[in-house]
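The structure appears right after this line, and notes come after that.
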Amino acid sequence: MNFSFRHSFALAAVASAGLALAPVADAKTFKWANSGDVSSMDPYARQETFLLTFTSNIYDPLVRRDKNLKLEPALATKWGQTDPTTWFFDIRPGVKFQDGSPLTADDIVFSLNRANGPGSNMQSNFVSVKEIKKVGDLRVEVTTKYPDPLLADKWQALGMMSKAWAEKNNAVNSADMTKNEENFATRNAMGTGAFMLKERRAGEKTILVPNPNWWDKPTHNLTEVIFTPVANAATRVAALKSGDIDMMYEVPPADTESLKKDANINVMEGPETRVVYLGMDQERPELLESNVKGKNPFKDKKVREAIHRSIDVDAIKRTVMRGQSYPTNLMVAPGINGYMKDLDKRPALLKPDEAKKLLADAGYPNGFEVGMDCPNDRYVNDEKICQAVVAMLAKIGVKVNLRAQTRNLYFAKILRKNDLSQGETSFYMLGWSPAQTYDVHNVFEALIESPNKDTKKGQFNAGGYSNPKLDTLADKMEQETDKAKRDAEIAEATKLYVDDFAYIPLHQQAVVWAARKNIDLVQPADNSFPLRFVTVK
Amino acid sequence: MLAFILRRLLQSIAVLLTVGLVAFSLFRYVGDPINAMVGQDTTMEQRDELRTKLGLNDPAPIQFARFIYNASSGNFGLSYRTSEPVGRLILERVPATLELSFCAALFALFVGVPMGVYTGLYPKHWTSRLFQAVSLIGISLPTFLIGILLILVFAVSLHWLPSFGRGETVQIGWWTTNFLTWSGLKALILPSITLGLFQLTLLMRLVRSEMLEVMRTDYIKFARARGLTNRAVNFGHALKNTLVPVITVAGLQLGALIAFAIVTETVFAWPGVGQLFIQSVQFSDIPVMAAYLLLIGLLFVLINLTVDLLYFAVDPRLRAQGGGARVAGH
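Those sequence lines, one after another, are chains Y and C.
First residue of the first sequence: 1, per the working numbering; consecutive thereafter.
First residue of the second sequence: 1001, per the working numbering; consecutive thereafter.
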């Protein structure tokens, strides 16, 4: 249907009836673009920031994050632990779904089970969960297999769905990839959230309108939101400059300067919670791609130190990143629970001959040769950062042979296999953000603890750094409910990996957004983009 | 005649199967889609389970056979990226691509042919030289750059036309069209020019050289001697005789326009099949890539078949030869 035609027809009708046209003058349409489309409207289709943040406009979670990433009540008004293995969530009374039906504990239980069910990609949020049950119309109780103090944090991104709606539309589970069946929830959405899905054309545009019956007081003033994927960066910039869109999510670094010069455009920049770091194979007795035979130089702390202290992250920031990075010495970023500011100090850079001496002490007076793997389309300027590292290490006699490739090939090569045996890499780059819990334990568990097939820890510890003392501390902090004790454990464990030069943290990349001057919005550090904070002047 | 068509159809199936097999043996080089499908915290075990479930651990020939078996019953599977049925995903984008290619072809034809005639008739005139120079740009500048330049001029500086997208579309059955709204028509202009410019140049140069050729022939001189008007000579006699190769090329180029709209669609965020393909490559979305490649293979097979049949109909010599061969065979 020709919308503008219908619209003008309606206008004419209203005008001829002699009525005021106030609503039209107040129309606040917000148009924004990103390089890719939201892959699905199903909030459990993919554990990926963009999908979760987009669908959270339609589906409210139990608890949500405010502008500063602190938890605040959403569909749950109260939550907590009645004993170490039991959580409760009190459901906000009087909340209605967008189809008018009331939200009850049944919907919450249904949604949580759906998120942990077949086809869902959210199952990793439920590892500790034993049972989810309704204990009243407005109370849900969750028992866990072991004390899990972070359960509420883990679930902050899970949007709650309507049981009746899903059952009626045959969407009780998320889409099953092995069947050729359309899943209703892939294209349609109906939650309790601030916005309702008006139109969904996958790959073309997605239109949201405000939910007039939202339980919360709207902080936005939008009447319509149009999201369009625009893959080409140059087109996206042109569209913003011409006013065809009001905001672009994720500006490519190369365009930041030109956008800053545009008087009609605001460029917003902040550190992202993800830390980009380099890892070294400390597990194999002999490196895969190296001229050193019979031993593995990265097993020697002196070698790791020499390399760590020869990589100038500030130079990378100045040149490769054009100022858009925040150098760090820790594996977690500020804003994440367990970030230790006191320990976030990079040791002084070594002069090349000092580093060479350190290498000579370790038994490599002439340096050595090693292969390096790097993605070229995953992190901002990933390949260029690796090239800079290659040049920096060449100065201390470490010859690095770089292999940069597309992410789908890259991850398949370097990540651990099904049985947690090592991937094929000696020296690699990864980025990580504890996006589920916003807590440092996730980083310890996934990246720093020793890989263990039985406990499933250290899944992404591709280099195989192993320190039993750190493992014990990390396991303790997982179940520790006393905050002071827990902080002490975190500090101790952090110091261990920093002193061991276990990893080479580089920086947090900047999240850069750009919007027209008449747009007011909030840019959280986790790169989520809640529409409820957007106002159009 | 029927035997000819049947033989060609059989050959076409062989061609399609080959395209599919080549595609499947290449897919393992685009990488592992699993890591893009799952969240960061998904365990290696779960990743491998999904890989097995989707059959990605099987050897390429088996994956291919399974794909062909399912495809023969119209089942192309679900997209790894969007979890939507691939058949519908592609079908939804076909109108956008076809309308764009159609407009680009019209643009190339109705601007390119007259320009070719003109430069053929007045090769020394300064406007002809200007056309020639402009056509050089069309041939030498990459499509990507032309698109961006047009956007900068007409969208960013002049604000006349939208910088991207299809504008408002109207739904007629499963088809969505740009032709029935003002914003849809405006949105077509820049991408059509971008996509059609190369074909325009090609047609113009082809018509020009054919015209130059024809104008030298005796029958044109006789026509002039008979005192026919310029109009009748130029268009009735000269242009008509240049059209056979022009139609052949234009027809074949239509296939190229549809298949290679990828760059234009990416630049203008045009929601067509080409853009879908690019997104799928980035994601290693094997079901969509496979279906797309087969579709494009089919398109070219059909176009070639039509062209062959047209030759058969148009050129009496071919028919005579075909008949002769049959007689000789008996």
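For every residue, glycine included, the Cβ atom is placed at its ideal position computed from N, Cα and C.
Taking the runs of the beta strand (DSSP E) that are 3 residues or longer, which of them lie wholly in the region 203-245 of chain Y?
The DSSP assignment places 205-210 and 224-229 as complete runs of the beta strand (DSSP E) inside the region 203-245 of chain Y, in order along the chain (cut-off: 3 residues).
For VAL24/Y, does the count of other Cβ atoms within 10 angstroms reach 16, so buried, or fall short, so exposed?
As a first step, residue 24/Y must be located in the first sequence, where it is residue number 24. Note on VAL24/Y: pLDDT 45, under 50, position unreliable in the model; the coordinate value appears next. By the neighbour-count rule (16 or more Cβ atoms within 10 Å), VAL24/Y is not buried but exposed.
Straight-line CA distance for ASP526/Y to ALA1105/C?
The sequence position of residue 526/Y within the first sequence is 526, counting from 1. The sequence position of residue 1105/C within the second sequence is 105, counting from 1. For the pair ASP526/Y and ALA1105/C, the Cα-to-Cα distance works out to about 46 Å.
Span separating the alpha-carbon of LEU69/Y from that of VAL1094/C:
Residue numbering aside, residue 69/Y sits at position 69 when the first sequence is read from its first letter. Residue numbering aside, residue 1094/C sits at position 94 when the second sequence is read from its first letter. So the two alpha carbons sit approximately 43 Å from each other.
Given VAL135/Y, which residues of its chain have a CB within under 7 Å of its CB, disregarding the five upstream and five downstream residues?
Position 135 of the first sequence, counting from 1, holds the residue named residue 135/Y. Excluding positions up to five away in sequence, the list reads GLU141.
Under a Cβ-count criterion, where at least 16 other Cβ atoms within 10 Å of its own Cβ denotes burial, should PHE1179/C be classed as buried or exposed?
The residue labelled residue 1179/C in the question sits at position 179 within the second sequence. Taking all protein chains shown into account, PHE1179/C has fewer than 16 neighbouring C-beta atoms within 10 Å of its C-beta and is therefore exposed.
Straight-line Cα distance separating GLY1039/C from GLU72/Y:
Locating residue 72/Y in the first sequence gives position 72, where the first residue counts as 1. Locating residue 1039/C in the second sequence gives position 39, where the first residue counts as 1. So the two alpha carbons sit approximately 24 Å from each other.
Considering only the alpha carbon of each residue, which of ALA194/Y, ALA171/Y and TRP87/Y lies closest to PRO147/Y?
What you label residue 147/Y is simply residue 147 of the first sequence in a count that begins at 1. Measuring from the Cα of PRO147/Y, the nearest candidate turns out to be TRP87/Y.
Simplified DSSP state of PRO285/Y, which is helix, strand or coil
Residue mapping note: residue 285/Y aligns to position 285 of the first sequence, counting from 1. DSSP places PRO285/Y in coil when its eight states are reduced to three.
DSSP three-state assignment for TYR277/Y, whether helix, strand or coil
Residue mapping note: residue 277/Y aligns to position 277 of the first sequence, counting from 1. Strand.
Using 8 Å as the limit for Cβ to Cβ distance, is PRO505/Y near chain C?
Counting from one through the first sequence, the residue named residue 505/Y turns up at place 505. For PRO505/Y, the answer is no, since every Cβ of chain C falls outside 8 Å of its Cβ.
What residues from the region 235-248 of chain Y come within 7 Å of chain C, judged by C-beta to C-beta, listed N to C?
Answer in chain order: THR235, ALA238, ALA239, LYS241, SER242 and ASP244.
May I have a chain-ordered list of the alpha helix (DSSP H) segments no shorter than 4 residues that lie completely inside the region 339-408 of chain Y?
Runs of the alpha helix (DSSP H) spanning 4 or more residues and lying entirely within the region 339-408 of chain Y occur at 352-361 and 382-394, in chain order.
Nearest-angstrom Cα distance between ALA412/Y and TRP1126/C?
Numbered from its first residue, the first sequence carries residue 412/Y at position 412. Numbered from its first residue, the second sequence carries residue 1126/C at position 126. Between the alpha carbons of ALA412/Y and TRP1126/C lies a gap of roughly 60 Å.
Once the 5 residues before and after TRP1175/C are set aside, which same chain residues still bring their CB inside 6 Å of it?
Here residue 1175/C refers to the residue found at position 175 when the second sequence is read from its first residue. For TRP1175/C, where only same-chain residues beyond five positions count, the Cβ hits under 6 Å are PRO1095.
Own chain partners of PRO1287/C with C-beta closer than 7 Å, once the 5 adjacent residues on each side are dropped
Counted from its first residue, the second sequence places residue 1287/C at position 287. For PRO1287/C, where only same-chain residues beyond five positions count, the Cβ hits under 7 Å are PHE1076, GLY1077, LEU1078, SER1079, TYR1080 and VAL1086.
Between the Cα of GLN324/Y and the Cα atoms of GLN387/Y, GLY338/Y and THR256/Y, which residue gives the shortest distance?
In the first sequence, counting from the first residue as 1, residue 324/Y sits at position 324. The closest CA to that of GLN324/Y, considering only GLN387/Y, GLY338/Y and THR256/Y, is found on THR256/Y.
Using only the alpha-carbon positions, how far apart do PRO543/Y and TRP215/Y sit?
One cannot answer for residue 543/Y here, as it falls past the ends of chain Y, which runs 1 to 537.
Start and end residues, beta strand (DSSP E) containing ILE504/Y:
For this step, residue 504/Y is matched to residue 504 along the first sequence. Going by DSSP, ILE504/Y is part of the beta strand (DSSP E) stretching over 503-516.
Quick check: what's the CA-CA separation for ALA315/Y versus ASP373/Y?
As a working mapping, residue 315/Y is identified with position 315 in the first sequence. As a working mapping, residue 373/Y is identified with position 373 in the first sequence. ALA315/Y and ASP373/Y: Cα-Cα distance of roughly 21 Å.
Based on DSSP bridge pairs, tell me the residues matched to GLU1168/C.
In the second sequence, residue 1168/C corresponds to position 168, counting from 1. BP columns for GLU1168/C are empty, so no partner.
With a threshold of 8 Å between beta carbons, is SER124/Y in contact with chain C?
As a first step, residue 124/Y is located in the first sequence; it is residue number 124 there, counting from the start. Between SER124/Y and chain C, the shortest Cβ-Cβ separation is below 8 Å.
Please look up how many angstroms separate the CB atoms of THR1119/C and GLN1132/C, rounded, as I've assumed it's under 8 Å.
Within the second sequence, residue 1119/C is the residue found at index 119, counting from 1. Within the second sequence, residue 1132/C is the residue found at index 132, counting from 1. Between GLN1132/C and THR1119/C the Cβ distance is about 6 Å, and since that is below 8 Å, they are a contact.
With 16 as the cutoff for other CB atoms within 10 Å, does HIS507/Y come out buried or exposed?
Residue numbering aside, residue 507/Y sits at position 507 when the first sequence is read from its first letter. With 16 or more other Cβ atoms within 10 Å, it is buried.
Could you list which residues in chain Y have their beta carbon closer than 7 Å to that of SER1083/C, in chain order?
Residue numbering aside, residue 1083/C sits at position 83 when the second sequence is read from its first letter. Those within 7 Å of SER1083/C in chain Y are SER40, ALA45, ALA175, MET177, ASN183 and THR186.
Under the assumption that LEU1305/C contacts SER1073/C (Cβ atoms under 8 Å), give the Cβ distance between them as a whole number of angstroms.
The sequence position of residue 1305/C within the second sequence is 305, counting from 1. The sequence position of residue 1073/C within the second sequence is 73, counting from 1. Your pair LEU1305/C and SER1073/C does not check out as a contact, with CB atoms roughly 24 Å apart and the cut at 8 Å.
Neighbour flag for ASP1048/C against chain Y, beta carbons, 8 Å:
Here residue 1048/C refers to the residue found at position 48 of the second sequence. Closer than 8 Å: yes.
Here's a check: name, in chain order, each residue in its chain whose Cβ is nearer than 7 Å to the Cβ of LYS145/Y, leaving out the five neighbours to either side.
As a first step, residue 145/Y must be located in the first sequence, where it is residue number 145. Answer for LYS145/Y: SER128 and LYS130, listed in chain order.
Can you tell which of ASN337/Y, GLU182/Y and MET280/Y has the C-alpha that lies nearest to the C-alpha of ALA484/Y?
Looking up residue 484/Y in the first sequence gives position 484. The residue with the shortest Cα to Cα distance from ALA484/Y is ASN337/Y.
Check whether the region 96-110 of chain Y and the region 160-168 of chain Y touch, using three or more Cβ-Cβ pairs below 8 Å as the test.
Yes, they touch.
Looking only at its chain, what residues have a beta carbon closer than 7 Å to the beta carbon of PHE1064/C, apart from the 5 residues adjacent to it on each side?
On the second sequence, position 64 is the one that residue 1064/C refers to. Cβ neighbours of PHE1064/C beyond the five flanking positions: GLY1020, LEU1021 and PHE1024.
Which complete alpha helix (DSSP H) runs does the region 1213-1253 of chain C hold, if anything under 4 residues is left out?
Entirely contained in the region 1213-1253 of chain C, the alpha helix (DSSP H) runs reaching 4 residues are, in chain order, 1218-1225.
8 Å contact criterion, which ASP970/C and PRO1033/C should meet: CB distance rounded
Chain C is shown only over 1001 to 1330; residue 970/C falls outside these bounds and no answer can be derived.
For a test of the three-state rule: what should DSSP assign to PHE1277/C, helix, strand or coil?
As a first step, residue 1277/C must be located in the second sequence, where it is residue number 277. Judged by DSSP in its simplified three-state form, PHE1277/C adopts helix.
Assess, as a yes-or-no matter, whether the region 54-63 of chain Y is touched by the region 195-205 of chain Y under the definition of 3 or more beta carbon pairs within less than 8 Å.
Result yes; three or more Cβ-Cβ pairs closer than 8 Å.
Would you kindly report the start and end of the unbroken alpha helix (DSSP H) that includes PHE1144/C?
If you number the second sequence from 1, residue 1144/C lands on position 144. Residues 1143-1150.
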